[in-house]
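Participant: Quick one: the structure is below, questions incoming.
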Amino acid sequence: MRFALAVLAAACAQAYAFTILTSPRGISGGALVVMMLAAFGAGFFAARRGAVAGVASLYAGALIYAGIAYLTGPTLVDDAPRTPLDLVGWAIRLAVAIVPYGIGAAITGWAGSAARGRLLAWR
Numbered sequence: 004m005r006f007a008l009a010v011l012a013a014a015c016a017q018a019y020a021f022t023i024l025t026s027p028r029g030i031s032g033g034a035l036v037v038m039m040l041a042a043f044g045a046g047f048f049a050a051r052r053g054a055v056a057g058v059a060s061l062y063a064g065a066l067i068y069a070g071i072a073y074l075t076g077p078t079l080v081d082d083a084p085r086t087p088l089d090l091v092g093w094a095i096r097l098a099v100a101i102v103p104y105g106i107g108a109a110i111t112g113w114a115g116s117a118a119r120g121r122l123l124a125w126r
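Counted from 1, the sequence shown has number 46 at position 43 by the numbering used here; the numbering is strictly sequential.
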C-alpha cells in the first residue's frame, strides 16, 4: 500500500513536470528537477524497490499527462491526440521518448530508498 501511494503521489508531480516541459515557456531544467525530486520521494517513501518506484512514478505521470492532454485537447499541447487511437499512439511515443529520464528516475529512486535506509539506521 505504501508503494502504491508513493508512486501515485510522485506521478502527480511527474505529470506537472511534463506540463512545464510543454508549456510555451518550457523550462527544461526546472522540469528535470521536479522529475528527479518526485522520483527521489517515490523511492524514499516506498522504502523498498526504490528504483522501481522511481520509474513507475515517471511512467504513471506520463500516462496522467497523456490523459490530460487528450481531455483538454489543443489548448494544452499543439500536437495533442484527437481520437482514442491517437491517444494510444501518442502515449507509446511518449513512453519511448522518456527512456533516458527513466534511467535517471531509477537511479534517483534508488538513492531515495538508500537515503531512507541510512536515516533509519542512524536513528
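C-beta: ideal position from N, C-alpha, C; glycine also.
#1: Which whole-angstrom value describes the C-beta separation of G112 and A42, a residue pair presumed to lie in contact below a C-beta threshold of 8 Å?
#2: On a CA-only basis, which of A34, G33 and G57 is nearest A12? Give me that one, please.
#3: In the DSSP assignment, find the alpha helix (DSSP H) that holds M38 and state where it starts and stops.
#4: Is it the case that the Cβ atoms of G44 and S116 are separated by a distance below 8 Å?
#5: Sorted by chain position, which residues of the same chain lie with C-beta nearer than 7 Å to A69's C-beta, five sequence neighbours on each side aside?
#6: Taking a contact to mean a Cβ-Cβ separation below 8 Å, would you say A14 touches I67 in this structure?
#7: Considering Cα atoms alone, identify which of I106, V36, A34 and G53 is closest to A118.
#8: Could you check if G32 is buried or exposed, using at least 16 other CB atoms within 10 Å of its CB as the buried criterion?
Facilitator: In brief:
#1: In the sequence shown, residue 112 corresponds to position 109, counting from 1. In the sequence shown, residue 42 corresponds to position 39, counting from 1. Their Cβ separation, rounded to whole angstroms, is 5 Å, which keeps G112 and A42 in contact under 8 Å.
#2: For the purposes of this step, residue 12 is taken as the residue at position 9 of the sequence shown. Each of A34, G33 and G57 was checked against the Cα of A12, and the nearest Cα belongs to G57.
#3: Against the sequence shown, residue 38 aligns to sequence position 35. Start and end: S31 to A49.
#4: Here the question's residue 44 lines up with position 41 in the sequence shown. Here the question's residue 116 lines up with position 113 in the sequence shown. No.
#5: Position 66 of the sequence shown, counted from the start, is the residue given in the question as residue 69. Excluding residues within five positions, the ones whose Cβ falls inside 7 Å are L90, W93, A94 and L97.
#6: To locate residue 14, count along the sequence shown from 1; it is residue 11. To locate residue 67, count along the sequence shown from 1; it is residue 64. Yes, they are a contact pair.
#7: For the purposes of this step, residue 118 is taken as residue 115 along the sequence shown, with counting starting at 1. Nearest C-alpha to A118: G53.
#8: Locating residue 32 in the sequence shown gives position 29, where the first residue counts as 1. The residue in question, G32, is exposed, as its Cβ has fewer than 16 Cβ neighbours within 10 Å.
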